[in-house]
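Asker:
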Amino acid sequence: QVSDFDNGASAYERLREEPFSLLLTDIVMPEMDGIELARRATEIDPDLKVMFITGFAAVALNPDSKAPKDAKVLSKPFHLRDLV
Numbered sequence: 014q015v016s017d018f019d020n021g022a023s024a025y026e027r028l029r030e031e032p033f034s035l036l037l038t039d040i041v042m043p044e045m046d047g048i049e050l051a052r053r054a055t056e057i058d059p060d061l062k063v064m065f066i067t068g069f070a071a072v073a074l075n076p077d078s079k080a081p082k083d084a085k086v087l088s089k090p091f092h093l094r095d096l097v
């Protein structure tokens with residue numbers, strides 16, 4: 014099952030209500046960016062797998078970012094085969 018949201022805050026509210034096995038998120042989003050969403054989501058579920066799909070890979074990979082340490086990054090543009 015796949016759920017999609019218009020912004021990070023809506024996604025976070027849903028993550029608080031039910032478990033997910035993967036958080037696939039952009040970094041630049043309205044209301045709450047993807048790094049903050051991932052940080053909060055992994056506080057709720059430390060086993061949650063996180064993947065950023067972004068045009069700003071350097072931001073996600075920056076050691077000073079608050080991104081979960083084991084998060085994966087897929088840089089835009091990408092092919093669907095890169096995701097699976």
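Numbering (my numbering), first residue to last: 14 to 97. C-beta atoms are modelled at their ideal positions from N, C-alpha and C, and glycine is treated no differently.
#1: Hey, could you find the ends of the alpha helix (DSSP H) Ile40 is sitting in?
#2: Would you mind stating whether Lys82 and Ile66 have Cβ atoms separated by less than 9 Å?
#3: Under DSSP, the alpha helix (DSSP H) around Leu28 begins and ends at which residues?
#4: Note the first and the last residue of the continuous alpha helix (DSSP H) segment covering Leu61.
#5: What span of residues does the alpha helix (DSSP H) with Pro68 cover, start to end?
#6: Kindly indicate the opening and closing residues of the beta strand (DSSP E) around Ser88.
Answerer: Based on what the coordinates show:
#1: One-based indexing of the sequence shown puts residue 40 at position 27. Taken as a continuous stretch (DSSP letters only), Ile40 belongs to no alpha helix (DSSP H), as it is neither H nor E.
#2: If you number the sequence shown from 1, residue 82 lands on position 69. If you number the sequence shown from 1, residue 66 lands on position 53. With contacts defined as CB atoms closer than 9 Å, Lys82 and Ile66 fail to qualify as a contacting pair.
#3: The count along the sequence shown starts at 1 and reaches residue 28 at position 15. Segment 21-30, the alpha helix (DSSP H) holding Leu28.
#4: Walking along the sequence shown from the start, residue 61 turns up at place 48. It is not in any alpha helix (DSSP H) - Leu61 carries neither H nor E in the DSSP assignment.
#5: Numbered from its first residue, the sequence shown carries residue 68 at position 55. The amino acid occupying residue 68 in the given sequence is Gly; Pro does not appear at that position. Unbroken run through Gly68: none, as it is neither H nor E.
#6: Along the sequence shown, read from residue 1 onward, the residue named residue 88 stands at position 75. Here the beta strand (DSSP E) through Ser88 covers 85-88.
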